[in-house]
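Q: Numbering (full-length UniProt numbering), first residue to last: 2 to 360. Every residue gets a Cβ at the ideal spot worked out from N, C-alpha and C, and that includes glycine.
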Ligand code: NAI
Ligand code: MG
């Protein structure tokens, strides 16, 4: 029987994206070879800040059209000190997330075996939850303006945009996920004390939706208290749902309590599968360590495991994650961000070799 072929658009982007993306491709090829029922066709797109410096654009004008037909997109990171961050973000990452209606940003927060949490006394059983971040609207709106720039009368306005359709669909996704999660608990991140229109609306939709999911336990915390609770009670959480900004902030914190920002993966999902979904680590391009060969490839490889699940190969995805844990716990191979001395290459090789030793 001939293997199923998955066509993947690969965008390494900038900085350590060029180091961790090749690591993920190697690991994905290895899993596919072991599985035998599918293989990958990877097409590379050299878009990002270098492309911007050459052409004035982060991607070509028809870039989104070029991506549209792929089964999935694997992205490294974008951003370089030579280009303002809002230019690089709005020129590549955000257009992909929005045009392809990747309105769910799924971010597991899981302490892997072999990794030490900075939270004293916490082990893998204590830190294992998922954050569902709204990914298409909210505080990242690009609606606003700036008047009287540079004068004492300067006025700067940025609007948050919350639509009923947008809030309902992210809540529905989060409740469905919570229903299948062992804890059957959904926690909502809010700030309806200080933010007086959008956040009370967010809470209202949360309550409406909760009534339809009586089998899911719910609670909500203001974002400041919730941040503290991530540190003091990480074992409390099953699924957490938050707006674009709150989810963004919470997941860097989540990555930190799970050991390192270099580990944390994410999936930008278009659940209806009308468009390709995109898989990327939550970290950025890390200019401070780029080019040194010491970036942790785990976040990128784990994102690849999430892509496997999305493409219909959950067993292969679990196997890849098990190999990551095996490399960290049984082989003790770790990059410097985890207190080890392994290079990106050595970490990747340890994971690929571990694939043979896990179910
Ligand atoms: P960052 O995530 O790039 O780096 C924060 C810190 O974590 C740095 O000390 C870095 O060395 C470390 N780190 C990150 N990933 C690591 C890895 N895989 N292994 C070991 N250490 C790692 O965030 P920062 O510094 O705020 O942003 C740098 C650039 O990346 C900016 O241009 C920013 O706009 C961009 N960025 C892009 C994102 C994306 O493409 N999705 C997300 C976040 C930032
Ligand atoms: Mg972030």
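Which whole-angstrom value is the C-beta distance of residue 187 and residue 240, which I expect to be below 8 angstroms?
A: Contact between residue 187 and residue 240 holds, with the beta-carbon distance rounding to 5 angstroms and staying under 8 angstroms.
Q: Look up residue 112 in the DSSP assignment and give the residues it is bridged to.
A: For residue 112, which the question treats as bridged, DSSP gives no partner whatsoever.
Q: Please report the straight-line C-alpha distance between residue 391 and residue 153, rounded to a whole angstrom.
A: Since the first residue of the chain shown is 2 and the last is 360, residue 391 is not available in this structure.
Q: Since residue 17 contacts residue 296 with CB under 8 angstroms, what's their CB separation in whole angstroms?
A: 4 angstroms
Q: DSSP on residue 278, reduced to helix/strand/coil?
A: Three-state DSSP puts residue 278 in a strand.
Q: As a quick check of your reading: which residues have a C-beta less than 5 angstroms from at least one non-hydrogen atom of ligand 1, in chain order?
A: 78, 79, 80, 86, 262, 263, 284, 285, 286, 287, 289, 290, 296, 297 and 338
Q: Whose C-alpha, out of 22, 9, 6 and 73, is nearest the C-alpha of residue 282?
A: 22
Q: Looking only at its own chain, which residues have a Cβ that is under 6 angstroms from the Cβ of residue 12, when we skip the five neighbours before and after it?
A: 46, 48 and 76
Q: Does the distance from the CB of residue 54 to the CB of residue 83 come in under 8 angstroms?
A: yes
Q: Should residue 233 go down as buried or exposed, given a rule of 16 or more other Cβ atoms within 10 Å for buried?
A: exposed
Q: Using the rule of at least 16 other Cβ atoms within 10 Å of the residue's Cβ for burial, across every protein chain shown, is residue 273 buried or exposed?
A: exposed
Q: Taking the alpha helix (DSSP H) that residue 247 belongs to, which residues open and close that run?
A: According to the DSSP assignment, residue 247 belongs to the alpha helix (DSSP H) that extends over 245-258.
Q: Judging by CA-CA distance, which residue of 360, 357, 358 and 350 is the nearest neighbour of residue 377?
A: The structure shown has nothing for residue 377, since the chain only spans 2 to 360.
Q: I'd like the span of the alpha helix (DSSP H) that includes residue 224, first residue to last.
A: 224-233
Q: So within the segment 31-89, which uninterrupted alpha helix (DSSP H) runs reach at least 4 residues, ignoring any that extend past its ends?
A: 50-56, 64-69 and 86-89
Q: What residues match up with residue 189 in a beta bridge as DSSP calls it?
A: 221 and 242
Q: How should residue 143 be labelled, buried or exposed, when 16 other C-beta atoms within 10 angstroms of its C-beta is the threshold for buried?
A: Exposed, by the Cβ-count rule.
Q: With residue 352 as the anchor, note down where its alpha helix (DSSP H) starts and where it stops.
A: First-last of the alpha helix (DSSP H) with residue 352: 345-355.
Q: Candidates 309, 271 and 299: which alpha carbon is nearest residue 327's?
A: Considering only alpha carbons, the answer is 299.
Q: Output the distance between the C-alpha atoms of residue 339 and residue 263, rounded to the nearest integer angstrom.
A: 9 angstroms
Q: State the Cα-Cα distance for the pair residue 105 and residue 20, rounded to the nearest angstrom.
A: If you take the alpha carbons of residue 105 and residue 20, they lie about 26 angstroms apart.
Q: Nearest to residue 141 by alpha carbon, out of 95, 182 and 176?
A: 95
Q: Go ahead and pull the three-state DSSP assignment for residue 154.
A: coil
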